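Each protein sequence line maps, in turn, to chains A and B. Under this note's numbering, the first residue of the first sequence is numbered 1, with each subsequent residue one higher. Under this note's numbering, the first residue of the second sequence is numbered 1001, with each subsequent residue one higher. Cβ atoms here follow ideal geometry from the backbone N, Cα and C, with glycine treated the same way. Everything numeric in this text was worked out from a predicted model, so none of it was measured. Report on the structure given below.
There are 2 protein chains.
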Amino acid sequence: MKKLINHPQNVPAEFLAGLALAHADILKVCLDPVYVVRVDAPVPGKTGIVSGGGSGHEPMHVGYVGKGMLDAACPGQVFTSPTPDQIEAATRAVNGGAGVLHIVKNYTGDIMNFEMAAELCQERGIEVRAVVINDDVAVEDSLYTAGRRGVGVTVFAEKLCGAAAQRGYDLARVEALCRKVNGNGRSMGMALTSCTVPAAGKPTFELGEDEMEMGIGIHGEPGRERMPLLPAAELTARMAATILADLPFRGGDEVIAMVNGMGGTPLMELYLVYGELERILRGLRIRVARRLVGNYITSLEMAGCSITLLKADDEMRALWDDPVLTPGLQWGI
Amino acid sequence: MKKLINHPQNVPAEFLAGLALAHADILKVCLDPVYVVRVDAPVPGKTGIVSGGGSGHEPMHVGYVGKGMLDAACPGQVFTSPTPDQIEAATRAVNGGAGVLHIVKNYTGDIMNFEMAAELCQERGIEVRAVVINDDVAVEDSLYTAGRRGVGVTVFAEKLCGAAAQRGYDLARVEALCRKVNGNGRSMGMALTSCTVPAAGKPTFELGEDEMEMGIGIHGEPGRERMPLLPAAELTARMAATILADLPFRGGDEVIAMVNGMGGTPLMELYLVYGELERILRGLRIRVARRLVGNYITSLEMAGCSITLLKADDEMRALWDDPVLTPGLQWGI
Chain A
1 MKKLINHPQN VPAEFLAGLA LAHADILKVC LDPVYVVRVD APVPGKTGIV
51 SGGGSGHEPM HVGYVGKGML DAACPGQVFT SPTPDQIEAA TRAVNGGAGV
101 LHIVKNYTGD IMNFEMAAEL CQERGIEVRA VVINDDVAVE DSLYTAGRRG
151 VGVTVFAEKL CGAAAQRGYD LARVEALCRK VNGNGRSMGM ALTSCTVPAA
201 GKPTFELGED EMEMGIGIHG EPGRERMPLL PAAELTARMA ATILADLPFR
251 GGDEVIAMVN GMGGTPLMEL YLVYGELERI LRGLRIRVAR RLVGNYITSL
301 EMAGCSITLL KADDEMRALW DDPVLTPGLQ WGI
Chain B
1001 MKKLINHPQN VPAEFLAGLA LAHADILKVC LDPVYVVRVD APVPGKTGIV
1051 SGGGSGHEPM HVGYVGKGML DAACPGQVFT SPTPDQIEAA TRAVNGGAGV
1101 LHIVKNYTGD IMNFEMAAEL CQERGIEVRA VVINDDVAVE DSLYTAGRRG
1151 VGVTVFAEKL CGAAAQRGYD LARVEALCRK VNGNGRSMGM ALTSCTVPAA
1201 GKPTFELGED EMEMGIGIHG EPGRERMPLL PAAELTARMA ATILADLPFR
1251 GGDEVIAMVN GMGGTPLMEL YLVYGELERI LRGLRIRVAR RLVGNYITSL
1301 EMAGCSITLL KADDEMRALW DDPVLTPGLQ WGI
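The structure is reproduced here in C-alpha cells:
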C-alpha cells in the first residue's frame, strides 16, 4: 500500500485536521464525537441539513459543509458508518429552531445509525426528518444495502436542499424537495481498478488487466458484471442507456448531469466521457441544463467513473444556481 | 493500459470536445490549429494572457481559460509542446490591441515554440512579452529542461496575472507581476506511482512497491532521489525544508500555498499533507494567507503530490481574491 499517510488508523482524523486548517473560514471540526460543522452554526430559523457516511468519498460529505449546502457532516472511519452519537451531536449543533433534515445514503448501517440519532434528537425536542437516497440503478440489493444504493444523487440533494434551506424553505418543504430530487435522479458507476482501505492495507478486490466492473458500488461492492474493458463511447452508451431507461428520461427533458471520477481517473478522461454522454443525450433531445465533471463522490484512489442524471424542473435549476461556498463546491460567492 | 478512452491517439481531441460541451458559457475550442479561448475574446483594450503546454496536466492549462485567468491556452499532445502555429493563432485571437503575455513553463520545446510564435505575432504588429516559469527546486537541469522546471507556480501566475489583466493592468505591469510571482514562488513534487501516456501504452517509469521518487517532474522526469516511502509527516517536512531554504522564506512572511495532487491521489491524502505543511509553517511563523488543496497541475493518473509556496504581498493577495470563472478554478462569480 502506497499512500501519503502516517498511520493507517489515523487517516480520517489527520485528514480532518488538514481540512480544518485549510478552510477555517467555512467550517470547523468538532471532536468527541467527530463532526464537521459550518462556522456560523446554528443559523437561527434556518432548516438544518446534516449528512454523513463513511470517509473515503471526499469531497463528499465533509467537503460539502458550508453556506448553501450542508450545515454539518458526520464522517465515519473509511467506508464505515458514522455512529449515532456523532449524528446526534451534529444535529443538535445545527438546529436553529426550525428542525433538521438528515440526508442518508441507502446503506444499512447508515440508516440504522441516522434513525437512532433522530430518535435521540426528537426526545430532546428537535424535529428531524430523514430522506434516504437510493439512486444507483446497477443492482437491487448489495453487500451493505437492502434495495438500491445511494450514490451520486446525494451530491445533487445536498446542493439543492442546502440552497433551499438557505432561501428559507421550512423543514417540510426541504424534505419534499429532497424526495423529489431522489425520485428524479439515477446513477450508475464503473471501475477500472480497486482501491485500498488504509486500515486493510490491500486492495478491496482484484480486477484483471483487461477487465472492468460495471455497476460498481462506492465501497467496491460488486456491480452487475465483470467484463472486458470497453472503449469510452460504448461504455458511456451502456451506462447512459441503463440510467435513461430506468426513470425513464424522455425527449424534451432537461437534466442536471454529473460525470464523476472515482478518485484516480484524470480529468482528461472524465471530460472525454462527458462529451460522449452529452452527444447521446442530444440525440435523444434531452438537454443538459447544468453539469459537474470531476471528483465529487469518490472511492479513495479507485479508477473509474459514475454518471448521474437528474430530471430537473425550474425550481431545481434555480436552486442549483444559488451561491454555494464549501471546500468541494463553490460558486456565486 | 486501462483508461476511459476510445483510441489512444484521439484522447486530447476528444477531451477538448467534452470540455467545450461542458463549458460553452466560458470557453470555446478552435480547431486547425487547436487552441482554447474565452468566449468573449478578444476583450478590447485588455492585456491578453496566453499559456499552454503538453496535455495531461489538467485542469492546467485549458481548464484555466475564462474570466479572470487565461484568455487562451494551447494544448499539445500528451506531454508534448504545442506548435508555434497554435500559439500564434491563440495570441492573435486574444489580442485586444493592448498586447499579449505568454506564460511559459521552462521546458525546452515550449520555450522554442512560444518564441517562434511571438516573433510571428510581432511581425503582425502584436506586442508580445513572455515570462518563463522555473519554480521547481528539485533539480537544476532535467530531461526536457535547461535550468529549473516550471511547475506549480504556473497556476499562481495564471491566476494573478489573469486578475491583473482583468483589472486593466497594461502589458508591462502584467509582465512585471508575472516575474515577481515567479521570483517569489518555489515548488517541489514527489510520486508514489508512474503514469501511462495513452499513445505509449505503458508506464513512463517503474517504481518498486515501497519506493517513491522525490523531486519528480510533471512528465515523470527523474527527481532527486528514489527512496523508501516515508510517512506523510516526514515527507512533507523534507519537501517543505527544501522549498523554504531556497527562496528563502522567513518568519513573518505570508504565503499562498498549494498542496497539489498529481492526478491519482485522493483528497483525503492531500488534506492530510496540507495539515502537516501548515503546522510546519506555523512553527516558523510563516502565515498561510490563501491556499489550494486538490488537483491543479497533474500528471495524468500519477499518485503523488507537489507543494508550492508563493511569498505573497498585498497586491498578490488582493489579486488572488478577485473573481475567477474557469472550469478548474472558480470563485467570486
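At least 9 Å separates the beta-carbon of V197 (chain A) from that of V39 (chain A).
Contact with chain A is absent for K1202 (chain B), since none of that chain's Cβ atoms lies less than 9 Å from the residue's Cβ. Rounded to the nearest angstrom, the gap between the Cα atoms of M1258 (chain B) and D1136 (chain B) is 13 Å. Contact between P1266 (chain B) and E301 (chain A) holds: their C-beta atoms lie close to 5 Å from each other, under 8 Å.
In chain order, P1084, E1088 place their CB closer than 7 Å to the CB of L1120 (chain B), counting only its own chain and leaving out the 5 sequence neighbours on each side. Put simply, the backbone Cα of A289 (chain A) is about 32 Å away from that of P222 (chain A). In the three-state scheme derived from DSSP, where H, G and I count as helix and E and B as strand, G1018 (chain B) is classed as helix. In this structure I5 (chain A) does not touch E1213 (chain B) by the C-beta definition: roughly 18 Å separates them, more than the 8 Å allowed. In the three-state reduction of the DSSP assignment, Y1144 (chain B) falls in the coil class. For V1011 (chain B), the chain A residues whose Cβ falls inside 9 Å of its Cβ are M268, E269, L272, in order along the chain.
Within a 10 Å sphere around the beta-carbon of G1252 (chain B) sit fewer than 16 other beta-carbons, which makes this residue exposed. Its Cα nearest to that of P75 (chain A), the residue A:A17 stands out among A:A17, A:L143, A:A241, A:T242. Shown here for K105 (chain A): same chain residues with a beta carbon closer than 6 Å to its own, the five before and five after excluded, namely G53, I133, G150, T154 in chain order. Within the DSSP bridge table, the entry for K1028 (chain B) names B:V1037 as partners. Contact of G1063 (chain B) with chain A by beta-carbon distance below 8 Å involves L267. Around N6 (chain A), the beta-carbon contacts reaching into chain B at under 8 Å are P1231, A1232, A1233, L1272.
Within the DSSP bridge table, the entry for T308 (chain A) names A:S187, A:M258 as partners. In this structure, the straight-line span from the alpha carbon of P1248 (chain B) to that of T1242 (chain B) is close to 9 Å. Sixteen is the threshold: when 16 or more other Cβ atoms of the shown chains lie within 10 Å of the Cβ of A138 (chain A), as they do, the residue is buried. No Cβ of chain A is located within less than 9 Å of the beta carbon of N1095 (chain B).
The closest CA to that of I1256 (chain B), considering only B:I1280, B:L1309, B:R1226, is found on B:L1309. The C-alpha of D1246 (chain B) is placed about 8 Å away from the C-alpha of R1186 (chain B).
Chain-ordered, the chain B residues with CB closer than 8 Å to the CB of R291 (chain A) read A1022. Looking at B:V1273, B:G1096, B:P1231, B:Q1086, the one whose alpha-carbon comes closest to that of M1116 (chain B) is B:Q1086.
In the DSSP assignment, no residue is bridged to H7 (chain A).
Around the beta carbon of H1102 (chain B), 16 or more other beta carbons lie within 10 angstroms, which makes this residue buried. Bounds of the beta strand (DSSP E) holding M212 (chain A) are 211 to 214. Inter-residue distance for E211 (chain A) and E234 (chain A) is about 15 Å (C-alpha atoms, whole angstroms). Here C195 (chain A) carries a coil assignment [DSSP, helix/strand/coil]. The shortest C-alpha to C-alpha distance from P12 (chain A) to any of A:I26, A:S81, A:I49 is the one to A:S81. Collapsing the DSSP output to three states places K1046 (chain B) in coil. For I111 (chain A) and D141 (chain A), the gap between their C-alpha atoms comes out near 15 Å. Against T193 (chain A), the close residues of chain B are K1002, in the order they occur along the chain (beta-carbon pairs closer than 9 Å).
Not a single CB atom of chain A sits nearer than 9 Å to the CB of N1260 (chain B). For F1249 (chain B), not one C-beta of chain A is nearer than 9 Å to its own C-beta. Each of B:S1051, B:G1275, B:M1001 was checked against the Cα of L1070 (chain B), and the nearest Cα belongs to B:S1051.
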